[in-house]
Amino acid sequence: MRLTRFTDVALRVLMRLAVAEDREPPTTREVAATMRVPYTHAAKVVARLQRLGLLDARRGRGGGLTLTPAGRSASIGSLVRELEGPEEVVECEGDTPCPLRSACRLRGALREARDAFYATLDPITVTDLVASPTGPLLLGIGSRPPAG
Numbered sequence: 009m010r011l012t013r014f015t016d017v018a019l020r021v022l023m024r025l026a027v028a029e030d031r032e033p034p035t036t037r038e039v040a041a042t043m044r045v046p047y048t049h050a051a052k053v054v055a056r057l058q059r060l061g062l063l064d065a066r067r068g069r070g071g072g073l074t075l076t077p078a079g080r081s082a083s084i085g086s087l088v089r090e091l092e093g094p095e096e097v098v099e100c101e102g103d104t105p106c107p108l109r110s111a112c113r114l115r116g117a118l119r120e121a122r123d124a125f126y127a128t129l130d131p132i133t134v135t136d137l138v139a140s141p142t143g144p145l146l147l148g149i150g151s152r153p154p155a156g
């Protein structure tokens, strides 16, 4: 199973915000630059995460992105399920339906594998993902240059 780029960016944005507590909240543009993703893509991710209640975004002076308590404790499995949607691992119905679909065991086996993948991620939170050595590394790549 391969995660979409959207889900990948969303997880990285949450991780970046999880280590930004003691600093000035980063902007969407700064997070995009730190995570090396296009600003427009990061903005879409931020908007979705805000709708899910996982982060707060404030505009203007003193604004920026902050992780909410729900974002900090969010289950990675639940988040990936939400962002990836209910799609099957393989497309059996589509424009050209698979001729084996009425008696195929592959679809069920892949669904079980997907569910096991999510179950493995369920107990992991955003906070867990930024434990050392990840958190300090994120802080290092997200540093703002000194003013002046």
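Converting from the sequence shown to my numbering requires adding 8 to each position, the first position being numbered 1. Glycine included, every Cβ here is placed at the ideal spot set by N, Cα and C.
Tell me whether residue i is buried or exposed, calling it buried when 16 or more other Cβ atoms sit within 10 Å of its Cβ.
i: Glu-38; result: buried
i: Gly-156; result: With a pLDDT of 39 at Gly-156, under the threshold of 50, the modelled position of this residue cannot be trusted; read the value that follows with caution. With fewer than 16 other Cβ atoms within 10 Å, it is exposed.
i: Pro-34; result: buried
If you compare alpha carbons, which of the options is closest to residue i?
i: Ala-40; options: Arg-31, Glu-29 and Val-54; result: Val-54
How is the beta strand (DSSP E) around residue i delimited, first residue to last?
i: Ala-65; result: 63–66
i: Thr-42; result: First-last for Thr-42: 36–43, but that is the alpha helix (DSSP H), not the beta strand (DSSP E).
i: Thr-74; result: 72–75
Pull up the CB-CB distance for residue i and residue j, whole angstroms please, since I reckon it's below 8 Å.
i: Glu-29; j: Gly-72; result: In fact, because the Cβ distance is near 12 Å, the residues do not count as touching under 8 Å.
i: Thr-76; j: Leu-63; result: 6 Å
i: Gly-85; j: Leu-129; result: 4 Å
With the cut-off set at 8 Å, would you say residue i and residue j are in Cβ contact?
i: Val-21; j: Ala-82; result: no
i: Phe-14; j: Leu-137; result: no
i: Tyr-126; j: Val-98; result: no
i: Leu-25; j: Thr-74; result: yes
i: Met-9; j: Arg-115; result: no
i: Val-45; j: Val-17; result: yes
i: Glu-96; j: Arg-67; result: no
Between which two residues does the alpha helix (DSSP H) carrying residue i extend?
i: Thr-48; result: 47–59
i: Val-21; result: 13–26
i: Val-138; result: Unbroken run through Val-138: none, as it is neither H nor E.
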